[in-house]
Amino acid sequence: MVFSYKKGNYLGLCNYLNDINWKELFDSSDIGRATKLFYDKLENGMNLYIPKIKMFVPKFPRWMSPQLKNLIINKKIAHKIYKETNNIHTYQSFKEIRKLCKLTAERDYTEYNRKLEKNFKLNPRDFYKHINSRRIDTSLPSQFSLNGENASEGDDIANLFAKHFASVYSNELLASPQFKFNTCLTSTLSHVHVQEDQVQRKLKTLKPVTTSGPDNVPAVVLKNCAKTLAKPLTILFNRFNRIENMDSFKRDLFLQIWVHSHNTYLTT
471 MVFSYKKGNY
481 LGLCNYLNDI
491 NWKELFDSSD
501 IGRATKLFYD
511 KLENGMNLYI
521 PKIKMFVPKF
531 PRWMSPQLKN
541 LIINKKIAHK
551 IYKETNNIHT
561 YQSFKEIRKL
571 CKLTAERDYT
581 EYNRKLEKNF
591 KLNPRDFYKH
601 INSRRIDTSL
611 PSQFSLNGEN
621 ASEGDDIANL
631 FAKHFASVYS
641 NELLASPQFK
651 FNTCLTSTLS
661 HVHVQEDQVQ
671 RKLKTLKPVT
681 TSGPDNVPAV
691 VLKNCAKTLA
701 KPLTILFNRF
711 NRIENMDSFK
721 RDLFLQIWVH
731 SHNTYLTT
């Protein structure tokens with residue numbers, strides 16, 4: 471089951487979020503706990519006001535036009551009638567529809583590829599939708615294997631991939647970099663105060679896409695609930711800027727990014 475964002479009741483979701491006293495909810499929590507509370511409330515609202523639908527496999531490829539789909543259905547009907555009657559007239563009718571199907575299919579496929587190539591730079595999402603539509607199974611296997619070694623857990627699977635691609639990575643061991651944080655910069659950051667209207671304007675500029683990142687909140691939800699979500703997000707942003715031990719927080723963040731992004735540490 472997946473969210474059907476196009477059928478979402480965003481007015482109801484906004485009203486639900488508006489009834490929450492965010493300031494009171496966040497006051498008794500640290501920034502980590504407050505962030506979790508925010509996502510919990512938003513997820514609950516999405517479950518209440520955005521319906522879920524079952525994923526289905528399309529009967530026809532993406533490149534087929536409605537005209538071609540109707541022709542294919544009519545061709546099957548004509549073929550069935552011909553088999554039942556077995557006369558020349560019904561066969562001729564089936565033959566004409568079959569010929570028209572072939573011509574229309576060639577036209578549709580050529581036009582689909584032409585548009586795909588033309589719009590690739592402007593809208594690469596359509597290209598990747600095309601790639602995904604050609605996959606028979608979009609799910610991941612429960613177990614991966616490499617040279618007789620099996621893995622089913624996340625860390626073990628990642629290490630198998632690291633071994634597989636080890637030849638293109640450096641074996642040189644590097645020391646962890648030492649980051650020096652400017653005290654003046656940290657002090658200045660703590661004085662930055664984000665305004666609610668600034669957050670709202672930025673949320674409204676988002677493209678209403680339905681794909682989501684690690685937080686499972688797509689841009690279409692943020693955009694449609696921009697006015698409502700601006701308040702809790704502003705509170706969280708300003709709370710984040712007032713973290714007392716900012717040096718330690720930033721150091722942990724940047725070290726984590728460095729370790730996970732550098733090729734030497736793929737197998738650690």
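In my numbering, the protein residues as written are 471 to 738.
Using N, Cα and C, we set each Cβ at its ideal position, and we do this for glycine too.
The model shown is predicted, which means the values in this text are computed figures rather than measured ones.
Return the chain-ordered list of same chain residues with a C-beta closer than 7 Å to the C-beta of residue i, the five sequence neighbours on each side being excluded.
i, result
"K493", "I705"
"V679", "P688, A689 and V690"
"M525", "V472"
"D685", "Y509"
"L692", "L673, L676 and L699"
"N708", "H663 and V664"
"I480", "Checking the displayed sequence, the identity of residue 480 turns out to be Tyr instead of Ile. Answer for Y480: N694 and C695, listed in chain order."
"K701", "W492 and E666"
"F530", "K539"
"L703", "V669"
"K565", "none"
"K585", "none"
"N589", "D596"
"H730", "At H730 the pLDDT is 38, less than 50, meaning the model places this residue with poor confidence; the figure from the coordinates comes in the next sentence. Contacts found: none."
Within 10 angstroms of the Cβ of residue i, are there 16 or more other Cβ atoms? Answer buried if so, exposed if not.
i, result
"G515", "buried"
"N488", "exposed"
"K550", "exposed"
"P594", "exposed"
"Y598", "exposed"
"I727", "Its pLDDT being 36, under 50, I727 is placed unreliably in this model, and the coordinates cannot settle the point."
"A548", "buried"
"N694", "buried"
"G618", "exposed"
"T745", "No statement about residue 745 is possible, as the shown extent of the chain runs from 471 to 738 and does not include it."
"G502", "exposed"
"P647", "exposed"
"G683", "exposed"
"K477", "exposed"
"L592", "exposed"
"P611", "exposed"
"K545", "buried"
"L573", "exposed"
"S718", "The predicted position of S718 is uncertain, since its pLDDT is 48 and thus under 50; a value taken from the coordinates is nonetheless stated next. Looking at its Cβ environment, which holds fewer than 16 other Cβ atoms inside 10 Å, S718 is exposed."
"G482", "exposed"
Considering only residues of the same chain and omitting the five flanking positions on each side of residue i, which have a CB-CB separation below 6 Å?
i, result
"A696", "Q670, L673 and K674"
"V662", "N711"
"S563", "A548"
"F496", "A504 and I705"
"A621", "F614, I627 and L630"
"P536", "none"
"C484", "C695 and T698"
Kindly identify the DSSP beta-bridge partner or partners of residue i.
i, result
"A621", "F614"
"F473", "K522"
Taking residue i and residue j to be in contact with their CB atoms under 8 Å, please state how far apart those CB atoms are, rounded to whole angstroms.
i, j, result
"D578", "L538", "5 Å"
"Y486", "Y519", "7 Å"
"I490", "K506", "Incorrect: roughly 14 Å between the Cβ atoms, too far for contact."
"L541", "I567", "6 Å"
"F438", "I627", "For residue 438 there is no data in the structure shown, the boundaries of the chain being 471 and 738."
"L616", "K633", "6 Å"
"P521", "S474", "5 Å"
Quick one: does the C-beta of residue i sit closer than 7 Å to a heavy atom of the ligand GTP?
i, result
"A632", "The ligand GTP is not part of this structure, which contains no ligands at all."
Could you name the residues of the same chain whose beta carbon sits closer than 8 Å to that of residue i, not counting the 5 residues immediately before and after it, in chain order?
i, result
"A575", "M534 and L538"
"Y582", "R532 and W533"
"K570", "Residue 570 is actually Leu in this sequence, not Lys. So the list reads L541, once near-sequence residues are dropped."
"S498", "none"
Practice task
Kindly provide the ranges of any alpha helix (DSSP H) runs that are 4 or more residues long and lie completely inside the region 488–525, ordered along the chain.
Solution key: 492–497 and 501–519
Exercise for the section: List in chain order: all unbroken alpha helix (DSSP H) runs of 4+ residues lying wholly within the region 658–721. Expected result: 666–674, 689–694 and 696–711
Handout entry: Ordered list of alpha helix (DSSP H) runs contained in the region 524–598, each at least 4 residues
Key = 536–555 and 558–588
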